[in-house]
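Q: If you use my numbering, the sequence shown corresponds to residues -3 to 150, in order.
Submitted below is the structure of interest, expressed as structure tokens.
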Amino acid sequence: MSDDIKQQFWKALAASPNLMVGQTGEREHHIPMNAQLDKDAHGAFWFFTATDNRLAGGGPAMAQFASKGHDLFACIAGTLRREEDPAVLDRLWNNGVAAWYPGGKDDPKLLLLRFDLDDAEIWTADPGIKGLFKLATGMSMKQGDLGEHAKVAL
């Protein structure tokens, strides 16, 4: 099950790469970030941000994700680190990112953060016919009737 649910997660994140991200242990609210995915990278995704963003210092972090269709949810633990490899910046750079940085790739406020993934809890919301019937008739629900849940290493 965990490999299947991980594949569902990566597919959903690719379709709508928006997450709420915050540093672990901080009282600050999490902020919306747009993940930059690399199909060849296993265990990481990236965020373009500004050097004055409250996530710029990096460290232990959590990200929350809800898929576009609200049929998959995830809470992801990992570590934010400054990405220093210019080749990664070049590979992930795109017009959507360029619109935010007037100085382009040399903008003094530009910062690329890598989110190194540790683990996640993932939930799917797919009740199936049996689950829908139970919901419609008020029958007692039990674990698994509305979808899957797994703790996975990413």
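Just so it is clear, CB atoms sit at the ideal spot from N, CA and C, and this is done for glycine as well.
These numbers were taken from a predicted model, which means no experiment stands behind them.
Just the C-alpha distance for residue 21 and residue 52, rounded to the nearest angstrom, thanks.
A: 15 angstroms
Q: Rounded to whole angstroms, how far is the Cβ of residue 32 from the Cβ of residue 88, which I believe are closer than 8 angstroms?
A: 4 angstroms
Q: Whose C-alpha, out of 81, 60, 116, 120, is nearest the C-alpha of residue 26?
A: The candidate whose alpha carbon is nearest that of residue 26 is 60.
Q: Less than 8 angstroms between CB atoms is the rule here; does residue 4 satisfy it with respect to chain B?
A: Structure shown: chain B not included; a single protein chain is present.
Q: Quick check on residue 57: buried or exposed, where buried means 16 or more other Cβ atoms within 10 Å of its Cβ?
A: buried
Q: Rounded to whole angstroms, how far is the Cβ of residue 30 from the Cβ of residue 14, which I believe are closer than 8 angstroms?
A: 6 angstroms
Q: So what does residue 115 bridge to, in DSSP terms?
A: When DSSP reads this structure, residue 115 sits in a beta bridge with 73, 149.
Q: Quick one: complete alpha helix (DSSP H) runs, 4+ long, within the stretch 14 to 42?
A: none
Q: Tell me whether residue 110 is buried or exposed, calling it buried when 16 or more other Cβ atoms sit within 10 Å of its Cβ.
A: Label assigned to residue 110: buried.
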